[in-house]
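Line order of the protein sequences matches chains A and B.
For the first sequence, our numbering begins at 23 and goes up steadily by one.
For the second sequence, our numbering begins at 23 and goes up steadily by one.
Some notes on the structure that comes next.
2 protein chains.
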Amino acid sequence: MSDTAANSGPDRQPIWSRPERGSRGPAPTHSRDAIVGAAIALADAEGLAAVSMRAVAAALGTGAGSLYRYLSSRDDLLDLMTDRAVRELRPYPQAEGDWLDTMVLLGRRQLALFGAHPWLLDVFHRPSGIGPETLAWFDNCIRVLEPVRCSAVAKFEAIAMMTGVVSLFARREAGAGAFSFAGVDLAAYPHLVAAFSRPSGPAPRADLVERTLRGLLTGLLLAEPTEAG
Amino acid sequence: MSDTAANSGPDRQPIWSRPERGSRGPAPTHSRDAIVGAAIALADAEGLAAVSMRAVAAALGTGAGSLYRYLSSRDDLLDLMTDRAVRELRPYPQAEGDWLDTMVLLGRRQLALFGAHPWLLDVFHRPSGIGPETLAWFDNCIRVLEPVRCSAVAKFEAIAMMTGVVSLFARREAGAGAFSFAGVDLAAYPHLVAAFSRPSGPAPRADLVERTLRGLLTGLLLAEPTEAG
DNA sequence: ATCAAATCGCGAACGACGTTTGCAGTTTAC
DNA sequence: GTAAACTGCAAACGTCGTTCGCGATTTGAT
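And the structure:
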C-alpha cells in the first residue's frame, strides 16, 4: 500500500499545510517552487490556458504524471501560483499618512500586479487558494484600517470590494476593450449610436482609479446611515 | 466538398449574424433556442461545468456532434446563453424619475439576474458574446443617462463599471464567503485576529448595494475634476 | 422531371486534458 | 538488515471539444 503520502489520497489537507516532502526516499529532482515558477512563466507568456500539467512538466523536462509527486491537483497549482504572485505586493508601504491614502496606494499596487500577471484575473476569485501571502496582505490592510471605526466584517468586505474594483479596472486595461460589432445591426440601438455620433463631452477623468477607490472606501467605511427615503 | 455551411469552416462570422439554417436540406430536429434552453437549465441546476456538449446533447436526446449543426463551438453556446439571460432584464423600467434612481434600479435588476443564473458570473466578462440583447441593454442605459452631461465613452465605462460592481456583490451573495482557514497558522496574522476578536463596531450597512452604486455613478459621471494634490 | 448542391442526424474517431496506477529503483528509520 | 516510505516515469483511463464520413432528405436550378 504505497502512496499514502501527503500529496495523494482522496481526503487530504489543503496544500498550505502539506509538507513538501517526507523524510524517506531519494532527493526530489524538482520542487514546488520550481514548478510554480515554470507555471507562472508559462501563464505570463501565453496565458492561463497554456498552463497544462503536460506543458508545465515539459518546461521542467519531465512528464505530466511526475508533477503529482509535488502537488495533488491542478487547482493546487493555481492556488500556489496565486499566492506566489501576491507575494510580489511586498514590501508593504509604511502606513504613516492618512489611511485612505495608504489604501489607495495598496490598490494601485494591486492594479500593477494584475497588469504584470493578467491570468490573476481568472483565478483570484476562486474560493480556494487563500494562502499565507494573501492572508498577510489582508492582515496588512486591516492594520492600515486600524484607525477606522467600524466592524471588522465591514473592513473585510471593503478590502474585498476594493480588490474587486481594482480587478475591474485591470480587466479594462487588459485590452478587453476591443469589442467587435461585426455582424450586428447597429440601427436597432438608436441611443447607442446617437451617443457615439455626438461630439463627445468633457474629456474622460484623468485619474479614474484614484477617484473611484476613494469614493468606494469612504462610502463603505465612513458614511453615516442615510435618512429613510 | 460538403459542409461549407455557415456553422462550420475556419473563418466564420459571429453567431449573431449567422442564419440558423439554410434553405436546402431536411427540417432540423432541434433549434438554437431549444439547445440554449437546455444548456441554461443545466447550468442553473448543476453549474457551468455541467454544460458539456455531450450533456446538453443528451438532454435533447441526441449526440454531441449533432449540436454542431446549430452552433460552431461551445463558446458560441455560452454567448447565446449569456444573451438569452440578459433578455430577462426586460421589460426595462420607464425612465421617468431621476436618472440615478433609474440606474440603481437597473443595477438591482442585474443583481437579481446574477442571483437567478450564477453561472453568468463566469461568462459575462468574456470579450466575445456581446449579442443583441446585451446591446439593447446598453442602449437602454445610454437612454437613461441622456440628461447627464458627459462624454459617451464615460457613460459607457460607467455602465460597465456598474455591471462589474454588481457582479462583485453577486459573487459575495453567491456564497463564496465560506473561507476555509484549515491548515493555516493564524498566529502569523496579528491584525486579522485582533480585528475579529474585538467586539464588532456598528452593524454593517443596511443597503450597501444602493449606496455603493449611487456613489460610484455620481463619482464617475458627475464629479468635477479635483484640484491637484 | 431531373440532378447536383446543400443540409440533416448520427456514430466513430481524434487530440488534448487532468488524473491514476503500476513498477523498478533509492533512501531512510528502526 | 529489512521494511516502509519515497522517487521518477511511462502507460493508461475517462472526459472533453471538435471533426469526419456516411446515407438519407430536401431544395433550387435546369
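Here a beta-carbon is modelled for each residue, glycine too, at the ideal position from N, C-alpha and C.
Self-check item: Neighbour flag for THR104 (chain B) against chain A, beta carbons, 9 angstroms
Solution: Taking Cβ atoms only, chain A never reaches closer than 9 angstroms to THR104 (chain B), which makes this a no.
Quiz item: Should GLU179 (chain A) be labelled buried (16 or more other beta-carbon atoms within 10 Å of its own) or exposed?
Solution: Looking at its Cβ environment, which holds 16 or more other Cβ atoms inside 10 Å, GLU179 (chain A) is buried.
Self-check item: VAL58 (chain A) in three-state terms, based on DSSP
Solution: DSSP places VAL58 (chain A) in helix when its eight states are reduced to three.
Exercise. Quick one: grab the DSSP three-state call for TYR114 (chain B).
Key: In the structure shown, TYR114 (chain B) sits in coil (DSSP, three-state: anything other than H, G, I, E or B).
Exercise. Mind reading off the beta-carbon distance from LEU244 (chain B) to ALA176 (chain B)? Whole number of angstroms is fine, and I expect it under 8 angstroms.
Key: Not quite, the Cβ-Cβ distance comes to about 10 angstroms (not below 8 angstroms), so this is no contact.
Quiz item: How would you list, in chain order, the residues of chain B whose beta-carbon sits under 7 angstroms from the beta-carbon of TYR114 (chain A)?
Solution: Simply none; closest approach about 11 angstroms.
Practice problem: Please list the partners that ARG220 (chain B) has in chain A, where partner means a Cβ-to-Cβ separation under 8 angstroms. | Solution: Chain-ordered, the chain A residues with CB closer than 8 angstroms to the CB of ARG220 (chain B) read ALA174.
Quiz item: Between A:ARG40, A:VAL73, A:GLU232, A:THR156, which lies nearest to TYR211 (chain B) when the distance is taken from Cα to Cα?
Solution: Scanning A:ARG40, A:VAL73, A:GLU232, A:THR156 for the CA closest to the CA of TYR211 (chain B) turns up A:THR156.
Quiz item: In the structure shown, what three-state DSSP assignment does ILE152 (chain A) receive?
Solution: It is coil, neither helix nor strand.
Quiz item: Smallest Cα separation from LEU214 (chain B): which of A:LEU128, A:PHE160, A:ALA80, A:TYR92?
Solution: Minimum Cα-Cα distance from LEU214 (chain B) among the listed residues A:LEU128, A:PHE160, A:ALA80, A:TYR92 corresponds to A:PHE160.
Exercise. Specify the secondary structure class of VAL187 (chain A) as computed by DSSP and reduced to three states.
Key: In this structure, VAL187 (chain A) counts as helix in the three-state DSSP scheme.
Exercise. Using a Cβ cut-off of 8 angstroms, pull out every chain A residue sitting near SER72 (chain B), in sequence order please.
Key: In the sequence as presented, Ser is not what sits at residue 72 (chain B); that position holds Ala. The contacting residues do not exist; ALA72 (chain B) stays about 18 angstroms from chain A at best.
Quiz item: CA-CA distance, HIS52 (chain A) and HIS147 (chain A)?
Solution: The alpha-carbon atoms of HIS52 (chain A) and HIS147 (chain A) are separated by roughly 29 angstroms.
Practice problem: Give me the Cα-Cα distance between VAL206 (chain B) and PRO149 (chain A), rounded to the nearest whole angstrom. | Solution: Rounded to the nearest whole angstrom, the CA to CA distance from VAL206 (chain B) to PRO149 (chain A) is 15 angstroms.
Quiz item: What does PHE160 (chain B) touch in chain A if you count any residue whose Cβ is under 8 angstroms from its own?
Solution: Correct list: TYR211, LEU214.
Quiz item: Ends of the alpha helix (DSSP H) at TRP121 (chain B)?
Solution: Start and end: 121–138.
Self-check item: Whether VAL73 (chain B) touches ALA65 (chain B) by CB criterion (9 angstroms)
Solution: Yes, they are a contact pair.
Exercise. Tell me, please, whether the stretch 133–146 of chain B touches the stretch 183–193 of chain B by the rule of three or more beta-carbon pairs shorter than 8 angstroms.
Key: When C-beta atoms of the stretch 133–146 of chain B are compared with those of the stretch 183–193 of chain B, three or more pairs fall below 8 angstroms, so the two segments count as touching.
Self-check item: Close beta carbons around ALA86 (chain A), own chain, < 6 angstroms, minus the five adjacent residues each side
Solution: Within the same chain, Cβ atoms closer than 6 angstroms to the Cβ of ALA86 (chain A) are found at MET75, ARG76, ALA79, the five residues on either side in sequence being excluded.
Quiz item: So is LEU127 (chain B) in contact with chain A if we call contact Cβ pairs under 9 angstroms?
Solution: The beta-carbon of LEU127 (chain B) is placed no less than 9 angstroms from the nearest beta-carbon of chain A.
Exercise. Could you tell me whether any Cβ in chain B is nearer than 9 angstroms to the Cβ of THR51 (chain A)?
Key: False, the Cβ-Cβ gap to chain B never drops below 9 angstroms.
Practice problem: Have a look at SER173 (chain B) and MET103 (chain B) and give me their C-alpha separation to the nearest angstrom. | Solution: If I take the Cα positions, the gap works out to 31 angstroms.
Quiz item: Which of the three DSSP states, helix, strand or coil, is assigned to ALA209 (chain A)?
Solution: DSSP places ALA209 (chain A) in helix when its eight states are reduced to three.
Quiz item: If you draw a straight line from the alpha carbon of ALA158 (chain A) to that of ARG112 (chain A), how long is it in whole angstroms?
Solution: For ALA158 (chain A) and ARG112 (chain A), the distance between alpha carbons rounds to 10 angstroms.
Quiz item: On the three-state DSSP scale, how would you describe TYR90 (chain B)?
Solution: Looking at TYR90 (chain B) - three-state DSSP - the assignment turns out to be helix.
Quiz item: If THR234 (chain B) sits next to LEU122 (chain B), beta carbons under 8 angstroms apart, how far is it from one beta carbon to the other, in whole angstroms?
Solution: Contact between THR234 (chain B) and LEU122 (chain B) is absent: CB atoms are separated by about 13 angstroms, not below the 8 angstroms threshold.
Quiz item: Within the 9 angstroms Cβ cut-off, does ARG233 (chain A) reach chain B?
Solution: At least one chain B Cβ lies under 9 angstroms of ARG233 (chain A).
Exercise. Please go through the same chain and pick out, in chain order, the residues whose beta-carbon is closer than 7 angstroms to the beta-carbon of PRO32 (chain A), but skip the five residues on each side of it.
Key: Residue placement at PRO32 (chain A) is poorly supported in this model, since its pLDDT is 47, which falls under 50; the coordinates still yield a value, given next. Sequence-distant Cβ neighbours of PRO32 (chain A) in its own chain, meaning closer than 7 angstroms and more than five residues away, do not exist here.
Exercise. Select from B:LEU167, B:ALA60, B:ILE181 the residue whose C-alpha is nearest the C-alpha of LEU82 (chain B).
Key: The candidate whose alpha carbon is nearest that of LEU82 (chain B) is B:ALA60.
Self-check item: Sequence-distant residues of the same chain with beta carbon closer than 6 angstroms to SER39 (chain B), five excluded per side
Solution: Here the set comprises nothing.
Quiz prompt | GLU232 (chain A): first and last residue of the uninterrupted alpha helix (DSSP H) it sits in | solution = Judged by DSSP secondary structure, GLU232 (chain A) falls within the alpha helix (DSSP H) whose first and last residues are 230–243.
Quiz item: So which residues on chain B does PRO140 (chain A) lean against when the C-beta distance must stay under 8 angstroms?
Solution: Within 8 angstroms Cβ-Cβ: nothing; PRO140 (chain A) doesn't reach chain B, min ~13 angstroms.
Exercise. Pull up the distance between the alpha-carbon of LEU100 (chain A) and that of PRO169 (chain B), whole angstroms please.
Key: Rounded to the nearest whole angstrom, the CA to CA distance from LEU100 (chain A) to PRO169 (chain B) is 46 angstroms.
Quiz item: Are the beta-carbon atoms belonging to MET125 (chain A) and VAL166 (chain A) less than 9 angstroms from one another?
Solution: Judged by their CB atoms, MET125 (chain A) and VAL166 (chain A) are nearer to each other than the 9 angstroms cut-off.
Practice problem: With DSSP collapsed to three states, give me the class of VAL175 (chain A). | Solution: Residue state, collapsed to three classes: helix.
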